[in-house]
Each structure stands twice: as C-alpha cells, then as structure tokens.
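J.: Pasting a structure here, questions to come.
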Amino acid sequence: GAVVSQHPSRVICKSGTSVKIECRSLDFQATTMFWYRQFPKQSLMLMATSNEGSKATYEQGVEKDKFLINHASLTLSTLTVTSAHPEDSSFYICSAHLYTGELFFGEGSRLTVL
Amino acid sequence: KQEVTQIPAALSVPEGENLVLNCSFTDSAIYNLQWFRQDPGKGLTSLLLIQSSQREQTSGRLNASLDKSSGRSTLYIAASQPGDSATYLCAVRHGFNKFYFGSGTKLNVKP
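Chains F and Z are the protein sequences, given in the same order. One point on numbering: in the working numbering, the residue at position 62 of the first sequence is 62, and numbering is uninterrupted. One point on numbering: in the working numbering, the residue at position 9 of the second sequence is 1009, and numbering is uninterrupted.
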C-alpha cells in the first residue's frame, strides 16, 4: 500500500511556543491531505482538509489562527500549532488518499505542551 | 449528514475464535467503505477497501462485506490471534473528499 510519513512522532514543548508537524506522501502525489485530532479512547476528529496550492478548509470550531496548515507541494502538508497551550496536547494524525479513494494514514504525532 | 456506528464498542474473545465486527452507516450513497486497525499510540493501518459496487473483499484471515442498501458492513476475522488485539475502525467515503469514521471496536484476543 501507499505510505504516508508523519514527523515528529513525539514532541514536547513549552507553553507559548509553536510546533510544526509534517505529513509526507512518500510514493504518491496527494492534492488533498487531512488532519485529525484524537483524544484518548475516542475516534478521530477531522480538523481540516489541506489543499495543495490553496487554503485549507477548516471544520467548524477549529481555530484557523491556532492551527496553521500549509500544503506547499503535492507530497507535503504541514500543521503548525501556534502559541501552544496544555489543552492543545493531543495525538495528531494526517491522511491522504489514492485515486482509488483508499485512505492512508501517517503514524501520528503525540504533542505534549508543558 | 452521514453517521457511522460500530457495535460493539469492545469485544474480548479467546484465541482461535472467529469473530464479526459490525459497522453501519445512515446514508447509502457512498463511494466506498474501508476498514482500519489502530494499535495504541499509532496511526491507522488500512486493512480492506470495498468499493460501492463490490460486495466483499478478502485479505488473509480477514473478510469484509458490504450491503450498501441496508447500510451495513461486517469485518470477519477467522481464527483470531493475540496479535489481532487492536481497535478496529470503519470509514465511509461520502462525497469526494468526505470521510466519516465510526468510533471503533476495541478487540482483545486472550491467549
């Protein structure tokens, strides 16, 4: 299957700093990528849809200025958590789909804000 | 709006047992349905993809069926093993870039 790589897998930062998470499609091009947040023992919550070369589409209730998404190329999307606070601590996952519609996920990034 | 439900939320079985996980969705106008497994602290691994025109897909000990008209899919796991312990999620593609996920079934296979 296709491979989506996410980096870093774990990050710890101080409150008030910004953190960038990268999502790369390694063996296919993805005009669209998706960013999710997952709380403990819960399912995925879609945060935004990242579109190559254009602005991301955010889900209702997700702060655009807090979670900056950039999709600068067909293989890379980034999520930057700006001015992170402890409540932003969570598991963030990205995904992309092939032309067949099959979704592939990154390994996830565990963010801990102290 | 599409809603996806998975029952049961948790399941514990002895090793070797055959089992069925259920996924239901409210709107049958889907492009496809996909089953995933998620291990603790990890991303989702794709198991099977069923296109809307298909009735089932098989991979090794896994068999997934799709009944679009009734809004149901099942994931059958044969001869379960402790390594199958994980959370299993189903997702439907409803709309070009719209994917809806169930809340998952947490499976524990006891040695």
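The C-beta atom is built at its ideal place from N, Cα and C for all residues, glycine as well. All values derive from a computational prediction rather than experimental measurement.
Going by Cα to Cα distance, which pick from Z:Gln1006, Z:Ile1030 and Z:Ser1012 is closest to Arg1093 of chain Z?
T.: If you number the second sequence from 1, residue 1093 of chain Z lands on position 93. Residue Z:Ile1030 is the option with its Cα nearest to Arg1093 of chain Z.
J.: Are there 16 or more other CB atoms within 10 angstroms of the CB of His71 of chain F, so buried, or fewer, so exposed?
T.: Indexing the first sequence from 1 puts residue 71 of chain F at position 71. His71 of chain F should be labelled buried.
J.: What residues of chain Z sit near Ser43 of chain F, judged by a beta carbon separation below 8 Å?
T.: To locate residue 43 of chain F, count along the first sequence from 1; it is residue 43. Within chain Z, the residues near Ser43 of chain F are Leu1089, Phe1101, Gly1102, Ser1103 and Gly1104.
J.: Decide yes or no for the touch test of the region 1012 to 1023 of chain Z against the region 62 to 77 of chain F: beta carbon pairs closer than 8 Å, at least 3 of them.
T.: No: fewer than three Cβ pairs fall under 8 Å.
J.: Alpha carbon to alpha carbon, what distance is there between Thr17 of chain F and Val113 of chain F?
T.: Position 113 of the first sequence, counted from the first residue, corresponds to residue 113 of chain F. Position 17 of the first sequence, counted from the first residue, corresponds to residue 17 of chain F. Roughly 9 Å separates the two Cα atoms.
J.: Between the Cα of Thr1045 of chain Z and the Cα atoms of Z:Val1109, Z:Pro1008 and Z:Ala1091, which residue gives the shortest distance?
T.: Position 45 of the second sequence, counted from the first residue, corresponds to residue 1045 of chain Z. Comparing Cα positions, the closest option is Z:Ala1091.
J.: By how many angstroms is the C-alpha of Ser50 of chain F removed from the C-alpha of Ser77 of chain F?
T.: The count along the first sequence starts at 1 and reaches residue 77 of chain F at position 77. The count along the first sequence starts at 1 and reaches residue 50 of chain F at position 50. If you take the alpha carbons of Ser77 of chain F and Ser50 of chain F, they lie about 7 Å apart.
J.: Name, please, each residue of chain F whose Cβ falls closer than 8 Å to the Cβ of Leu1049 of chain Z.
T.: Walking along the second sequence from the start, residue 1049 of chain Z turns up at place 49. In chain order: Thr100, Gly101 and Glu102.
J.: Counting C-beta neighbours from all protein chains within 10 Å, is the total for Ala56 of chain F 16 or more, i.e. buried, or is it exposed?
T.: Locating residue 56 of chain F in the first sequence gives position 56, where the first residue counts as 1. Result: buried.
J.: At the 8 Å Cβ level, is Ile21 of chain F part of the contact set with chain Z, yes or no?
T.: Here residue 21 of chain F corresponds to residue number 21 of the first sequence, with the count starting at 1. No, Ile21 of chain F does not count as interfacial toward chain Z.
J.: If contact means a Cβ-Cβ distance below 9 Å, which residues of the region 1016 to 1043 of chain Z contact chain F?
T.: The residues in question are Tyr1031, Asn1032, Gln1034, Phe1036, Gln1038, Gly1041, Lys1042 and Gly1043.
J.: Kindly list, in the order they appear in chain F, the residues whose Cβ is closer than 8 Å to that of Ala1046 of chain Z.
T.: Here residue 1046 of chain Z refers to the residue found at position 46 of the second sequence. The residue asked about is misnamed: residue 1046 of chain Z is Ser in this sequence, not Ala. Going along chain F in sequence order, the residues near Ser1046 of chain Z (Cβ under 8 Å) are Gly1, Glu102, Leu103, Phe104 and Phe105.
J.: Could you compute how far the alpha carbon of Ala1078 of chain Z sits from the alpha carbon of Val1109 of chain Z?
T.: Taking the first residue of the second sequence as position 1, residue 1078 of chain Z is located at position 78. Taking the first residue of the second sequence as position 1, residue 1109 of chain Z is located at position 109. Cα-Cα distance, rounded: 12 Å.
J.: Using 8 Å as the cut-off, can you tell me whether the region 104 to 111 of chain F makes contact with the region 8 to 28 of chain F, which would need three or more C-beta pairs spanning the two stretches below that distance?
T.: Contact between the region 104 to 111 of chain F and the region 8 to 28 of chain F is present, because at least three Cβ pairs lie under 8 Å.
J.: Taking one C-beta from the region 1067 to 1076 of chain Z and one from the region 90 to 109 of chain F each time, how about it: are there three or more such pairs within less than 8 Å?
T.: These segments do not touch.
J.: Please confirm whether any heavy atom of the ligand MN lies closer than 7 Å to the CB of Ser9 of chain F.
T.: Absent from the structure shown: the ligand MN. Ligands present: none.
J.: What first and last residue would you give for the beta strand (DSSP E) that runs through Asn1032 of chain Z?
T.: Within the second sequence, the letter at position 32 stands for residue 1032 of chain Z. First-last of the beta strand (DSSP E) with Asn1032 of chain Z: Asn1032 to Gln1038.
J.: Hey, how far is the Cα of Lys960 of chain Z from the Cα of Phe1025 of chain Z?
T.: Absent from the model: residue 960 of chain Z. The displayed extent of chain Z is 1001 to 1111, so no value can be given.
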